[in-house]
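This report concerns only the one structure given below.
2 protein chains.
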Amino acid sequence: MNINILVVEDDTRIQDMVCKFLRKEGWIVDACANGDDALSLFYDKTYQLIILDIMLPGTNGQELLKELRKIRDTPVLMMTALSDDDNQLRAFNNLADDYVMKPFSMQILVKRAEALLRRSGALKKEIQAGKLVLFPETYGAQYEGKKIILTPKEFEILELFVRNAGKVINHETLLTRIWGYDFEGNEGIIHASMKKLRDKLPCGVIRTIKGVGYCLEVESDD
Amino acid sequence: MNINILVVEDDTRIQDMVCKFLRKEGWIVDACANGDDALSLFYDKTYQLIILDIMLPGTNGQELLKELRKIRDTPVLMMTALSDDDNQLRAFNNLADDYVMKPFSMQILVKRAEALLRRSGALKKEIQAGKLVLFPETYGAQYEGKKIILTPKEFEILELFVRNAGKVINHETLLTRIWGYDFEGNEGIIHASMKKLRDKLPCGVIRTIKGVGYCLEVESDD
DNA sequence: CTAACTTTTTAAGCATTCTTTAAGTCAGCT
DNA sequence: AGCTGACTTAAAGAATGCTTAAAAAGTTAG
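In order, the protein sequences belong to chains U and H.
Residues 20 to 241 (this note's numbering) are what the first sequence spells out, left to right.
Residues 20 to 241 (this note's numbering) are what the second sequence spells out, left to right.
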């Protein structure tokens, strides 16, 4: 699977350098230099990692992080020249995942990025929730070792559920994450898609929370 | 669920300090001062986070981490006085998750620990009152580990009681908190809902205070 | 101690809302 | 053209939330 990373940094020298080193790892890197561009990228695209400078023209990194966290749980690495503890604490309070201070070695940045990717499961070739295993590279799926054929859209939905196993995904989230913010259609598509998906899975795997959303059941050991 | 953390640090002053601050978060902390003790703890017990000093008598932190990774994927935060990049890189190559250099503020250590716990899914949000556990993320509930299926409205009510365990919630409060100030219906709904809820819980969990309201029993009195 | 009264419990049933299901349209691809 | 997958629509079905009212339990006063 491809790893997509977003770098938000206004200093073009640093931006170039960071992008270069990340790309050397085989990762796909987008970059932007201000808060507004970053914000619209947050909405449009899903990244496996976001690297955020704090000092930015317009919306600063901390505010950006807060906005991001309203819609995504993407791992975030904060990158800054500010070496005071206050800023670092604020970043973690805003649910950052890591915080590095300039000047830093590029190797270390890359290693820290890799650690975040590894821990968030982005580097895994397969993702699992209970008896369900997904192979994002091939759009393949298995339940108890038995192959399940899914269409791309079905896979996308199921992947969202597996990556959030045990959490309710409400209708709105489902709609925006799968069909995007600008989707013009109606909610019927959710129900139609969920039926198709359920038809291919053993019953009980996806639970309905009426009036709220759906939830992938993970086995609890009792 | 309880969070278990292991701190491996030979300097007792630092060890005490770290443990103290982690415990303040409500986490359960084990500590040891050398590599051999650490290693046997790795095997015996599962931790949600391990904090490892690098300079240790006997097996050092890097070797310890390598050994750990053969059997466990526990998040690891390395903690060290060594400020050279080589050691940091080696730590990440050994699959550490974070690396902080002494001297560091305790607050930041705690925040970084929290970030790792959050990302690894150990900080699953749940609220508890006695034997009753609620999972707001899934609208799920357990009593003595046994699953209880609740409707969203029932969950909402029970959540209010759990968050105010042991306190009486009077009818008016219940009505306004759950159904809102502008609710047009009559008080019958309270009683109907409470019955539904009680039917799903062991008897005695919700006590009636006649003429006043209801109260979640937090202590079993026999 | 009992009768009258108040409050809660319980049960039945209805209405609404949300979900499921199925059939059908449309667009892109082979 | 025929197939497949994505989406729309609408009817059928089910769960939930709510109302109502009678039965039960508890309280108070004579």
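We treat Cβ as the ideally placed atom computed from N, Cα and C, and that holds for glycine.
Source: prediction; values computed, not measured.
- Our two residues, U/Leu68 and U/Leu87, have alpha carbons roughly 12 Å apart in a direct line.
- Contact with chain H is found for U/Val187, since one of that chain's Cβ atoms lies less than 8 Å from the residue's Cβ.
- Residue-level contact check: H/Thr170 touches chain U, since one or more beta carbons of chain U fall below 8 Å from its beta carbon.
- U/Glu28 places its beta carbon 8 Å or farther from that of U/Gly149.
- About 6 Å separates the beta carbons of U/Ile176 and U/Leu216, which is inside the 8 Å limit, making them a contact pair.
- The C-alpha of U/Gly199 lies about 7 Å from the C-alpha of U/Asp63.
- A direct Cα-to-Cα measurement between H/Arg91 and H/Thr227 gives close to 49 Å.
- Here U/Leu108 carries a helix assignment [DSSP, helix/strand/coil].
- Taking the Cα positions, U/Ile209 is about 44 Å away from H/Arg42.
- Between H/Cys51 and the set H/Gly45, H/Leu101 and H/Ile33, the nearest pair of CA atoms involves H/Ile33.
- H/Asp56 sits in a helix when the DSSP states are folded into three classes.
- Residue pairing of H/Phe174 in beta bridges, as defined by DSSP: absent, with no partner found.
- In the three-state reduction of the DSSP assignment, H/Tyr118 falls in the strand class.
- Only residues of its own chain outside the window of five on either side were considered, and among them Ile47 have a CB closer than 7 Å to the CB of H/Asn21, listed in chain order.
- Across the structure, U/Arg109 and H/Asn183 are spaced so that their CA atoms are roughly 30 Å apart.
- Around the CB of H/Pro76, fewer than 16 other CB atoms lie within 10 Å, so the residue is classed as exposed.
- Setting aside the 5 residues that flank it on each side, U/Arg131 is surrounded in the same chain by Leu96, Asp117 and Val119, each with a C-beta closer than 8 Å to its C-beta; the list follows chain order.
- For H/Thr65, the number of other beta carbons within 10 angstroms of its own is below 16, and it is reported as exposed.
- Residue pairing of U/Asp49 in beta bridges, as defined by DSSP: U/Leu25.
- Annotation: H/Val37 to U/Lys121 spans about 26 Å, alpha carbon to alpha carbon.
- Here H/Val37 carries a helix assignment [DSSP, helix/strand/coil].
- For H/Arg131, a Cβ of chain U is located within less than 8 Å of the residue's own Cβ.
- From the listed residues U/Asp104, U/Asp103 and U/Gly54, the smallest Cα separation to U/Leu84 is found for U/Gly54.
- For the C-beta of U/Ser124, the chain H residues within less than 9 Å are, from N- to C-terminus, Asp104, Gln107 and Leu108.
- When Cβ-Cβ separations below 8 Å define contact, H/Arg217 makes no contact with chain U.
- Rounded to the nearest angstrom, the gap between the Cα atoms of H/Gly232 and H/Pro155 is 24 Å.
- Arg131, Glu133, Ala134, Leu135, Arg137, Arg138 and Ser139: these are the residues of the stretch 131–149 of chain U whose beta carbon lies less than 8 Å from some beta carbon of chain H, given in chain order.
- One alpha carbon belongs to U/Pro94, the other to U/Leu60, and they sit about 15 Å apart.
- Look at U/Thr99 here: in three-state DSSP terms it is strand.
- With a threshold of 8 Å between beta carbons, H/Glu178 makes no contact with chain U.
- Per DSSP, reduced to three states, the secondary structure at U/Leu216 is helical.
- U/Gln81 is classed as buried because its beta carbon has at least 16 other beta carbons within 10 Å across all chains shown.
- Within chain U, no residue has its beta carbon less than 9 Å from that of H/Pro221; the closest one is some 16 Å off.
- Per DSSP, the beta bridge partners of U/Tyr233 are U/Ile188 and U/Thr227.
- Under DSSP, U/Leu68 takes part in a beta bridge, and its partners are U/Ile24.
- Non-local beta-carbon contacts of H/Met125 in its own chain, meaning distances under 6 Å to residues more than five positions away in sequence, involve Phe40 in chain order.
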